[in-house]
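Colleague: As they're listed, the protein sequences go chains A and B.
Taking the numbering used here as reference, the numbering of the first sequence is continuous, increasing by one, and the terminal residue is 338.
Taking the numbering used here as reference, the numbering of the second sequence is continuous, increasing by one, and the terminal residue is 1286.
Glycine included, each C-beta is placed from N, C-alpha and C at the ideal position.
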Amino acid sequence: MASISLSKSEKSYIQTSLLSTPPLRGDGRSLLDYRTIALETGIAPLANGSARLNIGKPTHEGGGGTEVLGAVKLEVEDVENGDGVDGGRIVCSVSCSPAAYPHLSSNALDDLSYDMTTLLNQTLSHPSLHPPNLCILPKKKSWCLNLDVIVLSDSGNVYDALFMAARAALWDTKVPITRAVEYQAKRGGKNPQENTDVDMDTETEQQSGFDTRHISRAVDFELPDYWDEGETLAGQDLWPVCVTLNIMPPTYYLDATPQEEASTPLRLLLAMSFPKSASSRLQATRLLGPGEIELSQIKRLIQEGEKHGRELYSALEAKLREEDVRRNQKARDKFVLR
Amino acid sequence: MDLAEVEYDGGARLTCPGDYITSSQAFMRGHGTYVENDQVIASVAGTVERVNKLVTVRAIRTRYSPEVGDLVVGRITEVQPKRWKVDANSRQDAVLMLSSVNLPGGVQRRKLESDELQMRTFFEEGDLLVAEVQAFFSDGAMSLHTRSLKYGKLRNGQLIAVPPILVRRLKSHFITLPCGVDLILGLNGYIWVSKHVKDNDQEGEEGFDAEAVYSSQNDDIDEATRSAISSVTNIIRVLAAHFVPLTDAILLEAYAWVMDQEIGTKDILQEETSDFLVAALTSSRE
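1. Just how far apart, CA to CA, sit residue 1204 of chain B and residue 1067 of chain B?
2. Residue 263 of chain A and residue 1223 of chain B - do their beta-carbons sit closer together than 8 Å?
3. I'd like the span of the beta strand (DSSP E) that includes residue 344 of chain A, first residue to last.
4. Closest by CA to residue 326 of chain A, which one among A:39, A:12 and A:30?
5. From residue 115 of chain A to residue 96 of chain A, what distance separates their C-alpha atoms?
6. Find the residues of chain A that neighbour residue 1131 of chain B, judging by a C-beta separation of less than 8 Å, and give them in chain order.
7. So, is the C-beta of residue 1158 of chain B closer than 8 Å to a C-beta in chain A?
8. When Cβ atoms are compared, which residues of the region 1233-1260 of chain B fall closer than 9 Å to chain A?
9. I need the straight-line Cα distance from residue 141 of chain A to residue 80 of chain A, nearest angstrom please.
10. Please state whether DSSP places residue 305 of chain A in a helix, a strand or coil.
11. Along the beta strand (DSSP E) that carries residue 1191 of chain B, what are the first and last residues, could you check?
12. Which residue marks the beginning of the beta strand (DSSP E) containing residue 171 of chain A, and which one marks its end?
13. Compare the C-alpha of residue 1229 of chain B against each of B:1261, B:1247, B:1195 and B:1214 and name the closest.
14. Does DSSP put residue 1165 of chain B in a helix, a strand or coil?
15. Taking the C-alpha atoms as reference points, what is the distance between residue 247 of chain A and residue 254 of chain A?
16. Count the C-beta pairs between the region 275-285 of chain A and the region 122-134 of chain A that are closer than 8 Å, then say yes if the count reaches three, no if not.
17. At what residues does the beta strand (DSSP E) containing residue 152 of chain A begin and finish?
18. Answer yes or no: does any C-beta atom of chain B fall closer than 8 Å to that of residue 7 of chain A?
19. Of all Cβ atoms in chain A, is any one closer than 8 Å to the Cβ of residue 1205 of chain B?
20. Report the residue from A:56, A:14 and A:182 whose alpha carbon sits nearest the alpha carbon of residue 34 of chain A.
21. What number of angstroms, rounded off, separates the C-alpha of residue 257 of chain A from the C-alpha of residue 303 of chain A?
22. Could you check how far apart the C-beta atoms of residue 1191 of chain B and residue 1162 of chain B are, in whole angstroms? I think they sit under 8 Å.
23. Determine the chain A residues that contact residue 1127 of chain B at a beta-carbon separation under 7 Å, and present them in chain order.
24. Alpha carbon to alpha carbon, how far is residue 129 of chain A from residue 230 of chain A? Give it in angstroms, no decimals.
25. Quickly, what does DSSP pair residue 66 of chain A with across the bridge? List them, please.
26. So, with DSSP's three-state summary, where would you put residue 6 of chain A?
27. So, with DSSP's three-state summary, where would you put residue 94 of chain A?
28. Where DSSP assigns a beta bridge to residue 1268 of chain B, which residues make up the other side?
29. Classify residue 218 of chain A as helix, strand or coil using the three-state DSSP reduction.
30. Tell whether a beta-carbon distance below 8 Å holds between residue 241 of chain A and residue 309 of chain A.
31. When you check each C-beta in the region 225-239 of chain A against every C-beta of chain B, which residues fall closer than 8 Å?
32. Opposite residue 135 of chain A in the DSSP bridges: which residues?
33. On the three-state DSSP scale, how would you describe residue 1034 of chain B?
34. Identify, in the order they occur along the chain, each residue of the same chain with its Cβ nearer than 8 Å to the Cβ of residue 1244 of chain B, setting aside the five sequence neighbours on each side.
35. Determine, for residue 316 of chain A, whether the minimum Cβ-Cβ distance to residues of chain B falls below 8 Å.
36. Return the residue from the list A:337, A:86 and A:269 that minimises the CA-CA distance to residue 161 of chain A.
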């Protein structure tokens, strides 16, 4: 695990501070306080959706804080020749910048990015979260959604940052609108060589009323002129957020700094989604670290975690809507200036 | 080309990357500069320095460049035969020789082979220590020593790192604040904030207590001291973010201001509060 080196006395200072009454942390926060989170969407012009997220950036400083960048790129895949999956698929990858973990060797860095990739990919590409509008032509063409996340710097709580950045990038994603194109033989053309001379037509014709077989003959698609970049990716409110509970028996705390992470034996990651119509869902859990915990405690922690997750979720949602408004405003201003 | 271009009388000249410094026909380019179209141009933000015909720019944000006699706070990264490697925020790891630490059982004691075998009982990987720069090796790495009772292992507190340029050379780098907090301002930008230790608790030359000096066990620290340590750490963070040089006077004043305004520990870091704090400090200085 990526952890910075810490002396025994520092470790015990942090541990006893967390366990004292009232608990106190190195920067004066209470156990359940998050540091300031900064978020901006639409930072990569060539991506279909993108976001930059920073946890705990000190004011007036150029750097600092946990900085994560997420971007979504949609790619057309052919289902028939086996490249893609019918209905589209989601592929996530996380890469860690060596500058974020200067003390790690390149092998250890690869391991760490692989761990993060696995967690993000398994959670987000789960069928329960699959957005329905990744399909272009049923059984023929579909979108492959590539979500790439880069960890630029790590000052603790990187998993929460990963999921928030991923959620923001997916929220921001616009799927281009497509229209099916069919090729039809010219009517009346009996000669076989004329059959090769095809005519593009977007309308479906000559369907007899008795023909109940719904065979789509669309073989390709085109991108119609549309006022926006596309429609939003379906299931915006489904994308999960992650809450990391840093467990220091008998208590736990949120949003750990690297020093605190290094002195905490166990971390519980809870990725939760909060659909509008249904009750909240736990999408993924992970226990990280060498510590151990009783089964009965887990239940309580998950309940507590749901509460924190919901707070984080609603705060993030409010910010994302604010960002949407800001960017629409920007687009309108640009249009006026033109 | 006259020298006035390179040096202003009085203060040093500041550059931005890409600034024209002087002509390359009259001067030689040094570190932090490059030559383009017969001009010496700064490649970093910093102060211009000149030695005869050599013009260099000393960068503001850089690693610590040690000088003999400097007080530094460092962290052990490696235990090697007869020496420890210490991270002191410099370009290379510093070296602490077994022969330059005080060993238990008499200051003037000879080093034995058994001492070499139990080096980890003195310092182990990750441990923090305060030391003085003793000398340089031929490759430029610094050699440290802890042969004073002021120096040695650090405990009962927390570390904060600031840009090294913000720590000025002071009469004493051991500062005691009235709130029961001790500060050690390492010239390498590492600052140790800890619980105050009474002077008479520090053992005299005779009663050198190895147990206490090389212990990793924290004392009991009461809640008020802990919260004072957190406050001081946050004040230093704010001052470093605003690039205010740290001296004992500034820190005392800042702590008094924070106590005066009755600001909570975590609120110090808020943007508004931190701006007020820095404004209050700088206005009283002018």
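Modeller: The short version:
1. Against the second sequence, residue 1204 of chain B aligns to sequence position 204. Against the second sequence, residue 1067 of chain B aligns to sequence position 67. Its pLDDT being 49, under 50, residue 1204 of chain B is placed unreliably in this model, and the coordinates cannot settle the point.
2. As a first step, residue 1223 of chain B is located in the second sequence; it is residue number 223 there, counting from the start. As a first step, residue 263 of chain A is located in the first sequence; it is residue number 263 there, counting from the start. No.
3. Any question about residue 344 of chain A goes unanswered here, given that chain A covers just 1 to 338.
4. Here the question's residue 326 of chain A lines up with position 326 in the first sequence. Closest option to residue 326 of chain A, Cα to Cα, is A:39.
5. As a working note, residue 115 of chain A is residue 115 in the first sequence. As a working note, residue 96 of chain A is residue 96 in the first sequence. Residue 115 of chain A and residue 96 of chain A: Cα-Cα distance of roughly 11 Å.
6. Mapped onto the second sequence, residue 1131 of chain B falls at position 131. In chain order: nothing, as chain A lies at least about 14 Å away.
7. In the second sequence, the residue the question calls residue 1158 of chain B occupies position 158. Closer than 8 Å to some Cβ of chain A, the Cβ of residue 1158 of chain B qualifies, so yes.
8. 1233, 1234, 1237, 1238, 1240, 1241, 1242 and 1243
9. For the purposes of this step, residue 141 of chain A is taken as residue 141 along the first sequence, with counting starting at 1. For the purposes of this step, residue 80 of chain A is taken as residue 80 along the first sequence, with counting starting at 1. Between residue 141 of chain A and residue 80 of chain A, the C-alpha separation is close to 8 Å.
10. Walking along the first sequence from the start, residue 305 of chain A turns up at place 305. The answer is helix: DSSP assigns residue 305 of chain A an H, G or I state.
11. The count along the second sequence starts at 1 and reaches residue 1191 of chain B at position 191. 1190-1195 is the span of the beta strand (DSSP E), which, as asked, contains residue 1191 of chain B.
12. Within the first sequence, the letter at position 171 stands for residue 171 of chain A. Where residue 171 of chain A is concerned, there is no enclosing beta strand (DSSP E), although the alpha helix (DSSP H) it sits in stretches over 158-172.
13. Reading the second sequence from its first residue, position 229 is the one you call residue 1229 of chain B. That would be B:1195, whose Cα lies nearest to the Cα of residue 1229 of chain B.
14. On the second sequence, residue 1165 of chain B is found 165 positions in, with the first residue counted as 1. It is helical.
15. Indexing the first sequence from 1 puts residue 247 of chain A at position 247. Indexing the first sequence from 1 puts residue 254 of chain A at position 254. About 9 Å.
16. yes
17. On the first sequence, position 152 is the one that residue 152 of chain A refers to. Taken as a continuous stretch (DSSP letters only), the beta strand (DSSP E) holding residue 152 of chain A covers 141-153.
18. The residue given as residue 7 of chain A occupies position 7 in the first sequence. At least one chain B Cβ lies under 8 Å of residue 7 of chain A.
19. Taking the second sequence and counting its residues from 1, one reaches residue 1205 of chain B at position 205. A caution first: residue 1205 of chain B carries a pLDDT of 49, below 50, which makes its placement in the model unreliable, though a value can still be read off. The beta carbon of residue 1205 of chain B sits no closer than 8 Å to any beta carbon of chain A.
20. Translated into the one-based positions of the first sequence, residue 34 of chain A becomes position 34. For residue 34 of chain A, the closest alpha carbon among the candidates A:56, A:14 and A:182 is that of A:56.
21. Reading the first sequence from its first residue, position 257 is the one you call residue 257 of chain A. Reading the first sequence from its first residue, position 303 is the one you call residue 303 of chain A. Cα-Cα distance, rounded: 23 Å.
22. Residue mapping note: residue 1191 of chain B aligns to position 191 of the second sequence, counting from 1. Residue mapping note: residue 1162 of chain B aligns to position 162 of the second sequence, counting from 1. 6 Å between Cβ atoms; contact.
23. The count along the second sequence starts at 1 and reaches residue 1127 of chain B at position 127. In chain order: 7.
24. The residue you call residue 230 of chain A lines up with position 230 of the first sequence. The residue you call residue 129 of chain A lines up with position 129 of the first sequence. Each residue's Cα considered, the two are about 20 Å apart.
25. The residue labelled residue 66 of chain A in the question sits at position 66 within the first sequence. Bridge partners of residue 66 of chain A: A:55.
26. Indexing the first sequence from 1 puts residue 6 of chain A at position 6. Here residue 6 of chain A sits in coil by DSSP.
27. Reading the first sequence from its first residue, position 94 is the one you call residue 94 of chain A. Under the three-state reduction of DSSP, residue 94 of chain A is assigned to strand.
28. Your numbering for residue 1268 of chain B matches position 268 in the second sequence. Its beta-bridge partners do not exist; DSSP assigns none.
29. Position 218 of the first sequence holds residue 218 of chain A. Three-state DSSP puts residue 218 of chain A in a strand.
30. As a working note, residue 241 of chain A is residue 241 in the first sequence. As a working note, residue 309 of chain A is residue 309 in the first sequence. Taking 8 Å as the Cβ cut-off, residue 241 of chain A and residue 309 of chain A qualify as a contacting pair.
31. none
32. In the first sequence, counting from the first residue as 1, residue 135 of chain A sits at position 135. DSSP, once it has assigned bridges, lists A:142 as partnering residue 135 of chain A.
33. Looking up residue 1034 of chain B in the second sequence gives position 34. Looking at residue 1034 of chain B - three-state DSSP - the assignment turns out to be strand.
34. For this step, residue 1244 of chain B is matched to residue 244 along the second sequence. Once the five neighbours on either side are set aside, the close Cβ partners of residue 1244 of chain B are 1166, 1250, 1278, 1281 and 1282.
35. Position 316 of the first sequence, counted from the start, is the residue given in the question as residue 316 of chain A. No, because no Cβ of chain B sits closer than 8 Å to the Cβ of residue 316 of chain A.
36. Along the first sequence, one-based indexing puts residue 161 of chain A at 161. Answer by Cα proximity: A:269.
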